[in-house]
Amino acid sequence: MTESTAARKPRRSAGSKAAGTTGSKAGTDAKRTTGTKRTTSTTRTAAKKGSETELVQLLTPEGERVGTAANSAYAEYASYVADITPDELRGLYRDMVLTRRFDAEATALQRQGELGLWASLLGQEAAQIGSGRATREDDYVFPTYREHGVAWCRGVDPTNLLGMFRGVNNGGWDPNSNNFHLYTIVIGSQALHATGYAMGVAKDGADSGVIAYFGDGASSQGDVSEAFNFAAVYNAPVVFFCQNNQWAISESNEKQTRVPLYQRAQGFGFPGVRVDGNDVLASLAVTRWALDRARRGEGPALIEAYTYRMGAHTTSDDPSRYRHDDERAAWEAKDPILRLRRFLESANHADEGFFAELEAESEALGKRVREVVRAMPDPDRFAIFENVYADGHALVDEERAQFAAYQASFADAEGV
-2 MTESTAARKP RRSAGSKAAG TTGSKAGTDA KRTTGTKRTT STTRTAAKKG
48 SETELVQLLT PEGERVGTAA NSAYAEYASY VADITPDELR GLYRDMVLTR
98 RFDAEATALQ RQGELGLWAS LLGQEAAQIG SGRATREDDY VFPTYREHGV
148 AWCRGVDPTN LLGMFRGVNN GGWDPNSNNF HLYTIVIGSQ ALHATGYAMG
198 VAKDGADSGV IAYFGDGASS QGDVSEAFNF AAVYNAPVVF FCQNNQWAIS
248 ESNEKQTRVP LYQRAQGFGF PGVRVDGNDV LASLAVTRWA LDRARRGEGP
298 ALIEAYTYRM GAHTTSDDPS RYRHDDERAA WEAKDPILRL RRFLESANHA
348 DEGFFAELEA ESEALGKRVR EVVRAMPDPD RFAIFENVYA DGHALVDEER
398 AQFAAYQASF ADAEGV
């Protein structure tokens, strides 16, 4: 599949584009603990900056570029996208449009009985595409089960994401081919996986970064708190990227936390930043900042991408039972794709020919996804009984026989 023109950029030099470079005893202790030559530094400056910056925004819902002035509170982050080209901006727009089209097709396929379940990313495209395009090829990504846009950025064919949801495989791709781990269904566990991997990266002396994705609901899990603590103590080069889409299934933020999620990082001793998750430029810039400081050995950071889940939690959910239509309408006005289109048009960075060509590409992608999914073989109905025990088990054998009889009953009914 063709990658976006907003390609990954080579890492920046260890210059002045990251906060928190003052040495400290804590940093020295962390360095001794990891036993590596990676440089360390205190995160007090960055933590203070993160706590004072309520919402990093570089592109308004009306499509106006902001935060670029030298005296802006967001100038440091804006510097990470200061040299972005019109071609790269069109690439980011293309990424979001095609990811949304794929997601819509997957939802439709589930409704048609072709998939068992689907978790939509509708409304979260900017957070995922912006952060995904901030990664380098040698960085490693640990997703949950909704990071379809990040998978796109990492070069995973979107049709490979659907095998697990159709029940024909347990993942669909080799994680080491794209440095993109398999989807994680257990809520929050991937934060620990990412931290452990990052600790290994540090011990190897590599300068790559690790990024872990999770939702606002997962931030209430003990695994995530443990990951924060380990990452801080061992100065692990990991970025925790929380997509706060306002709802953990049917639980609102008000029932999960009494402080903004990004401020939780302060208690563990590393910086936290809240970014406008519907702003692809801000998401790109802040993630570049966080990954750069991680690669330089300055430890973890937490990014809270403040966004909204426009659809259901999964296709088995009915959001109308716990939230109002006017809430969704308010967020539709902040649509991430629409705001970038407004900017492209106002800056004369894209014409109608570009949008028409992209529309055709979008339809072609939807057609390919449908064809590939419908050509997937039916899953082996008896595979669930395999490898439960290394040497087999009488109870499993009994259950397999009962299931076989149940399946055979349908054949008998058809023959009557």
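Quick note on numbering: my numbering labels position 152 of the sequence shown as 149, and the sequence is numbered without any gaps.
Ideal Cβ placement from N, Cα and C applies to all residues, glycine included.
Here the structure is a predicted model, which is why all the values come from computation and not from measurement.
What did DSSP end up calling residue i once you bin it into helix, strand or coil?
i      : result
Gln243 : coil
Arg87  : helix
Arg378 : coil
Val370 : helix
Gln404 : helix
Ala101 : helix
Val78  : helix
Leu63  : Per the sequence presented here, residue 63 reads as Val, with Leu not at that position. Three-state result, Val63: coil.
Glu295 : coil
Ile126 : helix
Val183 : coil
Ala387 : coil
Ala398 : helix
Tyr305 : coil
Glu360 : helix
Leu52  : coil
Classify residue i: buried if its beta carbon has 16 or more other beta carbons within 10 angstroms, exposed otherwise.
i      : result
Phe340 : buried
Arg255 : exposed
Pro268 : buried
Ser392 : Reading off the sequence, residue 392 comes out as Leu, not Ser. The residue is exposed, with fewer than 16 neighbouring Cβ atoms inside 10 Å.
Asp80  : exposed
Leu114 : exposed
Gly206 : buried
Glu122 : buried
Gly219 : exposed
Val138 : buried
Please identify the residue among the options whose C-alpha is closest to the C-alpha of residue i.
i      : options                        : result
Asp201 : Asp289, Val147, Gly294, Pro172 : Gly294
Val78  : Glu251, Gly127, Ile184, Glu324 : Gly127
Ala103 : Leu392, Glu396, Arg371, Ala401 : Arg371
Pro234 : Gly308, Gly197, Gly269         : Gly197
Phe238 : Arg285, Tyr231, Leu56          : Arg285
Ala215 : Asn241, Tyr303, Ser205         : Asn241
Val147 : Asp135, Leu159, Asn166, Ala124 : Ala124
Asp332 : Asn275, Glu358, Leu355, Ser313 : Asn275
Asp394 : Ala405, Trp149, Phe382         : Phe382
Ser117 : Ala353, Arg397, Ile246, Arg292 : Ile246
Leu335 : Tyr319, Asp323, His321, Phe352 : Phe352
Phe379 : Glu358, Ala402, Ala361         : Ala402
Tyr319 : Pro155, Glu248, Thr311         : Glu248
Arg414 : Arg306, Asp84, Glu85, Ala75    : One cannot answer for residue 414 here, as it falls past the ends of the chain, which runs -2 to 413.
Thr96  : Asp84, Thr192, Leu86, Leu119   : Leu119
Pro376 : Glu396, Gln399, Leu55, Asn166  : Asn166
Ala229 : Asp92, Ser217, Ala195          : Ala195
Thr311 : Arg108, Asn68, Gly129, Leu56   : Arg108
Ser69  : Thr82, Thr57, Val53, Met373    : Val53
Glu134 : Leu112, Pro172, Leu106, Pro316 : Pro172
Could you give the distance in angstroms between the alpha-carbon of residue i and the alpha-carbon of residue j?
i      : j      : result
Val369 : Gly363 : 10 Å
Ala387 : Arg367 : 38 Å
Asn175 : Gly169 : 12 Å
Asp100 : Val63  : 30 Å
Thr39  : Gly296 : Unreliable positioning characterises Thr39 in this predicted model, as indicated by a pLDDT of 37, which lies under 50. The coordinate reading is nonetheless provided below. Taking the straight line joining both Cα atoms gives about 9 Å.
Val277 : Val385 : 44 Å
Ala418 : Gly60  : In the structure as shown, the chain begins at -2 and stops at 413. Residue 418 is therefore absent and cannot be evaluated.
Thr304 : Ala203 : 33 Å
Ala27  : Leu189 : Since pLDDT at Ala27 reaches only 39, below the 50 mark, its modelled position is unreliable, and the value read off the structure follows with that caveat. Cα-Cα distance, rounded: 18 Å.
Ala418 : Ala282 : With the chain covering -2 to 413 only, the question about residue 418 has no answer from this structure.
Arg273 : Thr181 : Looking at the sequence shown, residue 273 is not Arg but Asp. So the two alpha carbons sit approximately 25 Å from each other.
Gly152 : Thr132 : 12 Å
Tyr90  : His346 : 11 Å
Val94  : Ala357 : 11 Å
Pro423 : Pro155 : The chain is shown only over -2 to 413; residue 423 falls outside these bounds and no answer can be derived.
Arg163 : Ser76  : 43 Å
Leu159 : Leu288 : 29 Å
Ser10  : Gly212 : Only weak support is given to the placement of Ser10: the predicted model assigns it a pLDDT of 36, under 50, and the value that follows is read from those uncertain coordinates. Rounded to the nearest angstrom, the two C-alpha atoms are 31 Å apart.
Ala405 : Trp244 : 43 Å
Trp149 : Phe265 : 32 Å
Gly110 : Met373 : 13 Å
Could you spell out the range, first to last residue, of the beta strand (DSSP E) harbouring residue i?
i      : result
Asp273 : 269 to 273
Gly212 : 207 to 212
Val138 : 137 to 139
Along the alpha helix (DSSP H) that carries residue i, what are the first and last residues, could you check?
i      : result
Ala72  : 72 to 75
Tyr194 : 186 to 201
Val221 : 219 to 230
Trp328 : 322 to 329
Ser343 : 333 to 343
Phe162 : 159 to 163
Pro172 : 172 to 175
Trp149 : 145 to 150
Can a CB atom of chain D be found closer than 8 Å to the CB of residue i?
i      : result
Leu281 : In the structure shown, chain D cannot be found, because there is only a single protein chain.
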